[in-house]
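Protein chains in written order, with UniProt numbering: chain A, 1 to 379; chain B, 1 to 379. The beta-carbon is built from N, C-alpha and C at its ideal position, and this holds for glycine as well.
Protein chains: 2
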Amino acid sequence: MTFPVVGMVGGGQLARMTHEAGIPLGIRFKLLSDTPQDSAAQVVSDVVIGDYRDLDTLREFARGCDVITFDHEHVPTEHLRALEADGIPVRPGPDALVHAQDKGVMRARLDAIGVPCPRHRIVTDPADVAAFAAEGDGFPVVLKTVRGGYDGKGVWVVDSAEEAADPFRAGVPVLAEEKVDYVRELAANVVRSPHGQAVAYPVVESQQVGGVCDTVIAPAPGLDEALALRAEEMALNIAKELGVVGHLAVELFQTRDGRILVNELAMRPHNSGHWSMDGAITSQFANHVRAVLDLPLGDPRPRAPWTVMVNVLGGDYPDMYSAYLHCMARDPQLKIHMYGKDVKPGRKVGHVNTYGDDLDDVLERARHAAGYLRGTITE
Amino acid sequence: MTFPVVGMVGGGQLARMTHEAGIPLGIRFKLLSDTPQDSAAQVVSDVVIGDYRDLDTLREFARGCDVITFDHEHVPTEHLRALEADGIPVRPGPDALVHAQDKGVMRARLDAIGVPCPRHRIVTDPADVAAFAAEGDGFPVVLKTVRGGYDGKGVWVVDSAEEAADPFRAGVPVLAEEKVDYVRELAANVVRSPHGQAVAYPVVESQQVGGVCDTVIAPAPGLDEALALRAEEMALNIAKELGVVGHLAVELFQTRDGRILVNELAMRPHNSGHWSMDGAITSQFANHVRAVLDLPLGDPRPRAPWTVMVNVLGGDYPDMYSAYLHCMARDPQLKIHMYGKDVKPGRKVGHVNTYGDDLDDVLERARHAAGYLRGTITE
Numbered sequence: 001m002t003f004p005v006v007g008m009v010g011g012g013q014l015a016r017m018t019h020e021a022g023i024p025l026g027i028r029f030k031l032l033s034d035t036p037q038d039s040a041a042q043v044v045s046d047v048v049i050g051d052y053r054d055l056d057t058l059r060e061f062a063r064g065c066d067v068i069t070f071d072h073e074h075v076p077t078e079h080l081r082a083l084e085a086d087g088i089p090v091r092p093g094p095d096a097l098v099h100a101q102d103k104g105v106m107r108a109r110l111d112a113i114g115v116p117c118p119r120h121r122i123v124t125d126p127a128d129v130a131a132f133a134a135e136g137d138g139f140p141v142v143l144k145t146v147r148g149g150y151d152g153k154g155v156w157v158v159d160s161a162e163e164a165a166d167p168f169r170a171g172v173p174v175l176a177e178e179k180v181d182y183v184r185e186l187a188a189n190v191v192r193s194p195h196g197q198a199v200a201y202p203v204v205e206s207q208q209v210g211g212v213c214d215t216v217i218a219p220a221p222g223l224d225e226a227l228a229l230r231a232e233e234m235a236l237n238i239a240k241e242l243g244v245v246g247h248l249a250v251e252l253f254q255t256r257d258g259r260i261l262v263n264e265l266a267m268r269p270h271n272s273g274h275w276s277m278d279g280a281i282t283s284q285f286a287n288h289v290r291a292v293l294d295l296p297l298g299d300p301r302p303r304a305p306w307t308v309m310v311n312v313l314g315g316d317y318p319d320m321y322s323a324y325l326h327c328m329a330r331d332p333q334l335k336i337h338m339y340g341k342d343v344k345p346g347r348k349v350g351h352v353n354t355y356g357d358d359l360d361d362v363l364e365r366a367r368h369a370a371g372y373l374r375g376t377i378t379e
Numbered sequence: 001m002t003f004p005v006v007g008m009v010g011g012g013q014l015a016r017m018t019h020e021a022g023i024p025l026g027i028r029f030k031l032l033s034d035t036p037q038d039s040a041a042q043v044v045s046d047v048v049i050g051d052y053r054d055l056d057t058l059r060e061f062a063r064g065c066d067v068i069t070f071d072h073e074h075v076p077t078e079h080l081r082a083l084e085a086d087g088i089p090v091r092p093g094p095d096a097l098v099h100a101q102d103k104g105v106m107r108a109r110l111d112a113i114g115v116p117c118p119r120h121r122i123v124t125d126p127a128d129v130a131a132f133a134a135e136g137d138g139f140p141v142v143l144k145t146v147r148g149g150y151d152g153k154g155v156w157v158v159d160s161a162e163e164a165a166d167p168f169r170a171g172v173p174v175l176a177e178e179k180v181d182y183v184r185e186l187a188a189n190v191v192r193s194p195h196g197q198a199v200a201y202p203v204v205e206s207q208q209v210g211g212v213c214d215t216v217i218a219p220a221p222g223l224d225e226a227l228a229l230r231a232e233e234m235a236l237n238i239a240k241e242l243g244v245v246g247h248l249a250v251e252l253f254q255t256r257d258g259r260i261l262v263n264e265l266a267m268r269p270h271n272s273g274h275w276s277m278d279g280a281i282t283s284q285f286a287n288h289v290r291a292v293l294d295l296p297l298g299d300p301r302p303r304a305p306w307t308v309m310v311n312v313l314g315g316d317y318p319d320m321y322s323a324y325l326h327c328m329a330r331d332p333q334l335k336i337h338m339y340g341k342d343v344k345p346g347r348k349v350g351h352v353n354t355y356g357d358d359l360d361d362v363l364e365r366a367r368h369a370a371g372y373l374r375g376t377i378t379e
């Protein structure tokens, strides 16, 4: 056996950070990227520019790779099956990945294995949405296209059947879900290898702003130990039942009445796990690489009592580099992770991590740095 | 200001790990490498293949770089001056770097600023070596070519004038030094920025085997606090007096009578600082990048009571990847850093880091992993 080649489909920041985590392992990293300007393409030596939706491109790319893994969930399932038929290990495989691609399939499967979810049903038109509402506590109702949504896109919260016209215009199935009365969002991140070893990161609190992840606190403050354990076990069970290989993020609602319900699944390194780059013994990216190569997994435990991640979104100022001077001078322990992306308002262009013993201090430092980089804090 | 381009001359593992540390900062990294197979060239996107001894190649490479820095000390001083005359910041600059290139210049300068060194003198022939020995405690005497030595190469320990013929054959000046009666070797690592900010890493113990660094323990066990402080101050003072920008490693002898003497200087990230990748809040590589860009420096303090680095040298078995299974399964906290280099007996091909509260345990884990990867431990 020699050092293997990991083929990564997709050139976003998750691929960039996976490459960073793979360098110390001495593995070869090969990237399929849309453009040479993509986040990961800027820092990887072996880059193929091409369209992941084209099977011939995928097949050509996969030649010489020992395993294929992903920066996103958008590769057509049938293409993944074709690669597998060619003898290329695809991790996670199509049978698992479909649950992160199709929210309808995901809900049906979670129901079947007894994982608690928000009340939900595939709906066919606005009148059906009204019927769904009437079956439960009425409006508001959450509507989601079953494929293609992310960061709040493809999601609508409607207060009446009249408001429910939009989601049906795309011509894809629509999933209706109850609007959960949650106190906060949590995420349970686990990593699983082909031979079934799995590790669980501490359950984190994930704070969203406008449908986009803003702040992650690891571990989730004040979370009841039994509930944390239940969330970890739930995520490990989902990974096992769905045959996930690699990183699985289970986004959860913590309800007012003390339950946890599954919101979304992601089968790749996830925004709610970015804290692990500086806050855990082994980062989610390092463990994802180890998992897809069927290497023993690394210790997921935290290195500090508290780690906070805050996303850096694009603001009105295109130049974030000059903000480094202030941010680094103010906080010599600050960890900046920028993705090499052009600044556009609201776009995730990086994140910062802070850690320490005092949660208030750790939170303040991360929020200040992210705000200063974005330009919303100027002192 | 936009994100800058750091030009790195030399494609070895130090460049590879500097690239790894630069990715999160979003900077652009450009590499001048001898071959596409070099350690860093395997993982960097923007690589120029060329000879650093050729000024035209250097000039062409430097175009579009915001700063030039180095993986090694071998770029001719006059070429560095030419780049500076072209208006390219060279960090460390030629006036500093010459002290890491020429041991004669280094000793003269350290004498001038009052830094304690082993007794030394430039010698002209074997008879002069005998005279040097007679001036002190006699043989053995250490002879070093003033330029080009590393990892024990270019160094002779001679017991008589008759044995002293070899060093003079190369036709370069030879430095004679007393053979210091030391109890152990230490290293003081500091980083300094152009505007004079500097940070000091904890002083480490460096254990050599056959002239090659084998084990580094951070911090140096049982080191008297006053002596540690003196070593840090000495390194900071050398960095300031010599105008170093970037990382400076000061290799030290701790003598039986409680003194510290400077052995060697290196002006780049250094083997004695590899522990910082997993053991310090900010690694030597991240701080080197920040320094050459004149960004505020990161906190150099340790994250764990003890961190141990053990080099992985090439052994008789060319396949180190298969050893990952055992090493990772045995120690889920182990940090492996491989350089992508072909295994040759005695060649540095990687290192491992371990950290924790119990030094004996941390040492055992690192030594076991390095030995297993090399093939000298098989269970």
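Exposure of Leu325/B is indicated by the presence of fewer than 16 other C-beta atoms within 10 angstroms of its C-beta. At a C-beta separation below 8 angstroms, Tyr339/A has these neighbours in chain B: Gly26. Here Ala280/B is actually not in contact with Pro296/B; their C-beta atoms are around 16 angstroms apart, not less than 8 angstroms. For the pair Ile238/A and Leu248/A, the CB atoms are nearer than the 8 angstroms cut-off. Taking 8 angstroms as the cut-off, the beta carbon of Gly11/B is found closer than this to the beta carbon of Asp34/B.
A residue is called buried once 16 or more other Cβ atoms fall within 10 Å of its Cβ, and Thr378/B, having fewer, is exposed. Look at Val204/A here: in three-state DSSP terms it is strand. Secondary structure of Gly371/A (DSSP, three-state): helix. Counting only Cβ-Cβ distances below 7 angstroms, Phe3/B has contacts in chain A at Tyr321, in chain order.
Rounded to whole angstroms, the separation of the alpha carbons of Glu163/B and Val244/B is 37 angstroms. Of the other Cβ atoms in all chains shown, fewer than 16 fall within 10 Å of the Cβ of Gly210/B; this residue is therefore exposed. In this structure, Val312/B is the residue among Tyr317/B, Gly340/B, Ser322/B, Val312/B with its C-alpha nearest to the C-alpha of Ala366/B. Between Ala108/B and Ile88/B, the C-beta spacing is not below 8 angstroms. Not one beta carbon of chain B lies nearer than 8 angstroms to the beta carbon of Gln13/A. By the 16-neighbour rule on beta-carbons within 10 angstroms, Lys344/B is exposed.
DSSP places Tyr324/A within a helical segment (H, G or I) once states are collapsed to three. Within 10 angstroms of the beta-carbon of Ile113/B lie fewer than 16 other beta-carbons, which makes it exposed. Using a Cβ-Cβ cut-off of 8 angstroms, Arg365/B does not count as an interface residue toward chain A, since no Cβ of chain A sits closer than that to its own. Apart from sequence neighbours up to five positions away, the residues of its chain that approach Ala323/A with a beta-carbon distance below 6 angstroms are Tyr372, Leu373, ordered along the chain.
Going by DSSP, Ala231/B is part of no beta strand (DSSP E) but of the alpha helix (DSSP H) stretching over 225 to 242. With contacts defined by Cβ atoms closer than 8 angstroms, Thr124/A and Val98/A do not form a contacting pair. Per DSSP, the unbroken beta strand (DSSP E) holding Arg121/A starts and ends at 120 to 123. Here Leu229/B is exposed. Its C-beta has fewer than 16 other C-beta atoms within 10 Å.
Under the three-state reduction of DSSP output, Arg28/A falls in the strand class. Each residue's CA atom was taken as its position, placing Glu225/A and Leu236/B some 48 angstroms apart. Nearest C-alpha to Asp358/A among Met338/A, Arg290/A, Leu223/A, Thr307/A: Thr307/A. Listed along chain B, the residues sitting closer than 8 angstroms to Gly350/A by beta-carbon distance are Gly26. In the structure shown, Pro302/A falls within a strand segment according to DSSP collapsed to helix, strand and coil.
Taking one beta carbon from each stretch, the segment 275 to 291 of chain B and the segment 204 to 218 of chain B have 3 or more pairs nearer than 8 angstroms; the two touch.
The beta carbon of Gly50/B is closer than 7 angstroms to those of Leu32, Thr57, Phe61 in its chain, skipping five residues each way along the sequence. Note on geometry: alpha-carbon atoms of Ala266/B and Ala100/B lie some 6 angstroms from one another.
Using a CB distance cut-off of 8 angstroms, Ala291/A does not count as an interface residue toward chain B.
By the neighbour-count criterion, in which 16 or more other beta carbons inside 10 Å mark a residue as buried, Val183/A falls on the exposed side. In this structure, Leu186/A sits near Val204/A, with a CB-CB distance shorter than 8 angstroms. For Ile49/A, no CB of chain B lies under 8 angstroms from its own CB, so it is not counted at the interface with that chain. Here the segment 5 to 21 of chain B makes contact with the segment 284 to 294 of chain B; the two share three or more CB pairs at distances below 8 angstroms.
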